[in-house]
Structure formats: structure tokens, C-alpha cells
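Positions 1 to 339 (the UniProt record's numbering) are the ones given, in order, by the sequence shown. Yeah, the Cβ is synthetic: ideal placement off N, Cα and C, and Gly gets one too. Fair warning: this is a prediction, and the values are worked out from it, not measured in the lab.
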Amino acid sequence: MLNGTSILVTGATGSFGKAFIHTVLTRWPQVRRLVVFSRDELKQYELAQAYPAKDYPQLRFFLGDVRDAQRVQRAMEGVDIVIHAAALKQVPAAEYNPFECIKTNILGAQNVIEAAFDAGVQKVVALSTDKAAAPVNLYGATKLCSDKLFVAANNIRGARPIKLSVVRYGNVMCSRGSVIPYFQERAASGTLPITDPRMTRFNIPLRGGVEMVLWALEHAWGGEILVPKLPSYRITDVASAVAPDCRQDIVGIRPGEKLHEEMITASDSPNTVDLGRYYAILPAGGVGSAYGIDDYCAATGAQRVPQGFSYNSGDNPDFLSVSQLKDLLDTHASHGAAC
Numbered sequence: 001m002l003n004g005t006s007i008l009v010t011g012a013t014g015s016f017g018k019a020f021i022h023t024v025l026t027r028w029p030q031v032r033r034l035v036v037f038s039r040d041e042l043k044q045y046e047l048a049q050a051y052p053a054k055d056y057p058q059l060r061f062f063l064g065d066v067r068d069a070q071r072v073q074r075a076m077e078g079v080d081i082v083i084h085a086a087a088l089k090q091v092p093a094a095e096y097n098p099f100e101c102i103k104t105n106i107l108g109a110q111n112v113i114e115a116a117f118d119a120g121v122q123k124v125v126a127l128s129t130d131k132a133a134a135p136v137n138l139y140g141a142t143k144l145c146s147d148k149l150f151v152a153a154n155n156i157r158g159a160r161p162i163k164l165s166v167v168r169y170g171n172v173m174c175s176r177g178s179v180i181p182y183f184q185e186r187a188a189s190g191t192l193p194i195t196d197p198r199m200t201r202f203n204i205p206l207r208g209g210v211e212m213v214l215w216a217l218e219h220a221w222g223g224e225i226l227v228p229k230l231p232s233y234r235i236t237d238v239a240s241a242v243a244p245d246c247r248q249d250i251v252g253i254r255p256g257e258k259l260h261e262e263m264i265t266a267s268d269s270p271n272t273v274d275l276g277r278y279y280a281i282l283p284a285g286g287v288g289s290a291y292g293i294d295d296y297c298a299a300t301g302a303q304r305v306p307q308g309f310s311y312n313s314g315d316n317p318d319f320l321s322v323s324q325l326k327d328l329l330d331t332h333a334s335h336g337a338a339c
């Protein structure tokens, strides 16, 4: 699917970017060019050591920031596919530095869209978050704006053969800054802080996020917000799986946090369809800016969800048990991946 193509990944030195690069180089070694675009020179250096130029001549390293429109345009020359993973993601940092988050997550998204139009890019997949659904914090609000920008861009593509879509998923297991590595670091203290014992979250392994993006590249029409069907976990069960002997101290919900996360709201239900493996929230104006929801369902075999349907980590019928979480952690560790 990707052999012979030129791909650019923004935020490519993050958890997702590194996993995506590894997958592409493993499955499609004849990829023509794979551009690593990020602003962290140390992480780029470390990635370059893992993939030396003599063995991976298709890999390119571009220092740059998505806030810099001119640099994004330069990096995107000759690119066929863009995976937009760059974002400021830490909720407390975004609350304290709101406009910095806006500049990266909203203005940066628009820079990516405009550069993709000008460079003749064929496909764009932007990564989103469950926090973009009915957001209560600035990070989620900026990602909702970003999602809207990528979806609406399909309406103004004109004759350009470009498709832009979004993938939205929950907490990535063991990703940098997530709860599992935090609990692992705190385990030696004998106490784990629990914000609220009722708190739940969706869970997706890193490979699941990568596979979803690859699925979107192959199947998306343009304009969809794709949502995977995921299990949930209780924060107390995660603590028990990571450090069963630690005391769990209730510290209270932090500013900008929800008790449960949702990826599809009831207000989205009229435009949401079930694709089997994923849900898709479709734009009211038409998928690919031309086809209605019924056309999409007829062509893809998708089914409309019931009116009032919502997808919430607290109401999810599929929950991971403590033993299942332990098995996932063991599997992750056996593959040589540190949380």
C-alpha cells in the first residue's frame, strides 16, 4: 500500500510517530521517502541512531514546528501522504499556557492543511483524542477545533485529489506521560495517587492506534472522524495491576479532567455510523464533500447508530479486569517496550 509513496509525519518523535515509522519501514521497505518532522533535535538524533542512514536511506529528518507555516510548506514538497500527530497534549500545561496550546493545535493544524493543498498531497490523517468530544479542558477544545478544520477542508479542496480525515481514540497504553508509566515510577514510594475511584478511561495499545491510521489511509473517503471500539478500564484497576501492594490515596480530580471520557456524544448520533471495527462520525454536509450518509452506508456496508447513541468509557460494556491489564503489561514488556 505504501511502497513508492512519500510520507511526512508531524510530531514523529513521539510515541505514536516512532511506532508508525517502525511499522512502515518493516512492512513497506520500498517506501520512497519517510519524513520525520518535529522540533526536538535530541529525539531526532536518538531516532536517527536507531535507524542509521546506510540502512534506511528513505528516512529524512526535518527539524521544524507546525507553527511555522513556511517550514511546514518546505518539508511537504513532493509528499503524497501526511500523518499529523504533532500536538501539545498535557492538560495542566494547556490550562496554564492556553495560547501556546492554541498556536500548536489549531494554528498548526491550519498550516498543515494549507501546506498539504499547496504541495499536492493526496491523503491526510490527523490524530485526535477522546478529550475533543464535549471538551471540558483547553486541550480538548483545541483538538475539537483541529478536527473541525480537517473535516471542513474537504469542502474547499476543489479539483485537488486530496482526502483529509481524523482518527479519534482514547488513552494510549504506556505512552509517554500516561497513567501507567506514572504509576510505575511512583510504585517504589508505596502509595499511588488516585484522582477519583470511579474514574474510567478508554484504552488502546500503541499498535492499535497505528493500525487505525493505516486503515484510514486505505479506506477513508475524506471528512470522517473515525473512532475505534475499545475496552475501558477503571483507574483503581490499573493501580492494582501495576502495583497491587501499594496504598491508593484519593487526591481529587484535577482541573480540566472528566470522571469518564466519551468519544461520541449523543449530539453526534444522527451523523454516526457503525463500520464494524470502527465508528465514523460523518460531516453533515456530505462525506468527501459530495456523498450523503445513506450513500456512504450503501457503499461501505455501514449501519446508522440509534438516535441518542453515545460512546462513553463509563457506560462501555467492555471493561478490562485487573488480570487482563496485568497480561497486557506483561505482553508489552515481553516485546521489549518500556512503559
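Give the DSSP bridge partners of residue i, in chain order.
{"i": "His22", "result": "Per DSSP, none; premise fails for His22."}
{"i": "Glu262", "result": "Asn312"}
{"i": "Ser269", "result": "DSSP lists no partner for Ser269."}
{"i": "Phe319", "result": "Ser232"}
{"i": "Ser38", "result": "Leu63"}
{"i": "Ile281", "result": "Ile225, Thr272"}
Taking residue i as part of the alpha helix (DSSP H), name the residues at either end of that continuous run.
{"i": "Ala298", "result": "293–300"}
{"i": "Asp237", "result": "235–242"}
{"i": "residue 348", "result": "Any question about residue 348 goes unanswered here, given that the chain covers just 1 to 339."}
{"i": "Ser146", "result": "138–153"}
{"i": "Ile253", "result": "Here Ile253 belongs to no alpha helix (DSSP H), and DSSP marks it neither H nor E."}
How about residue i and residue j: do their beta carbons lie closer than 8 Å?
{"i": "Leu206", "j": "Val167", "result": "no"}
{"i": "Phe319", "j": "Pro231", "result": "yes"}
{"i": "Ala85", "j": "Gly14", "result": "yes"}
{"i": "Gly209", "j": "Phe16", "result": "yes"}
{"i": "Arg150", "j": "Ala239", "result": "The amino acid at residue 150 is misidentified as Arg; the sequence shows Phe. Their beta carbons are not under 8 Å apart, which means Phe150 does not touch Ala239 by this criterion."}
{"i": "Ala187", "j": "Cys246", "result": "yes"}
{"i": "Gly108", "j": "Val66", "result": "yes"}
{"i": "Asp330", "j": "Val305", "result": "no"}
Buried or exposed, going by whether 16 or more other CB atoms sit within 10 Å of the CB of residue i?
{"i": "Phe37", "result": "buried"}
{"i": "residue 340", "result": "Nothing in the structure corresponds to residue 340, since the chain is present only between 1 and 339."}
{"i": "Glu224", "result": "buried"}
{"i": "Pro317", "result": "exposed"}
{"i": "Met1", "result": "exposed"}
{"i": "Leu226", "result": "buried"}
{"i": "Ala338", "result": "Note that Ala338 has pLDDT 47, beneath the 50 cutoff, so the model's placement of it is unreliable and no number is given."}
{"i": "Pro228", "result": "buried"}
{"i": "Tyr233", "result": "buried"}
{"i": "Arg39", "result": "buried"}
{"i": "Tyr311", "result": "buried"}
{"i": "Tyr96", "result": "exposed"}
So residue i is in the beta strand (DSSP E); what residue range does that whole segment cover?
{"i": "Phe202", "result": "200–204"}
{"i": "Leu63", "result": "59–63"}
{"i": "Lys123", "result": "123–127"}
{"i": "Pro193", "result": "191–194"}
Give me the residue from the options with the minimum Cα distance to residue i.
{"i": "Leu282", "options": "Glu211, Cys101, Asp147", "result": "Asp147"}
{"i": "Leu164", "options": "Ile156, Ser189, Leu127, Lys123", "result": "Lys123"}
{"i": "Glu261", "options": "Thr129, Phe183, Ile21", "result": "Thr129"}
{"i": "Ile162", "options": "Ile113, Arg67, Ala109", "result": "Ile113"}
{"i": "Ser267", "options": "Ile7, Ala134, Phe61, Gly252", "result": "Ala134"}
{"i": "Trp215", "options": "Ser189, Ala126, Tyr291", "result": "Ala126"}
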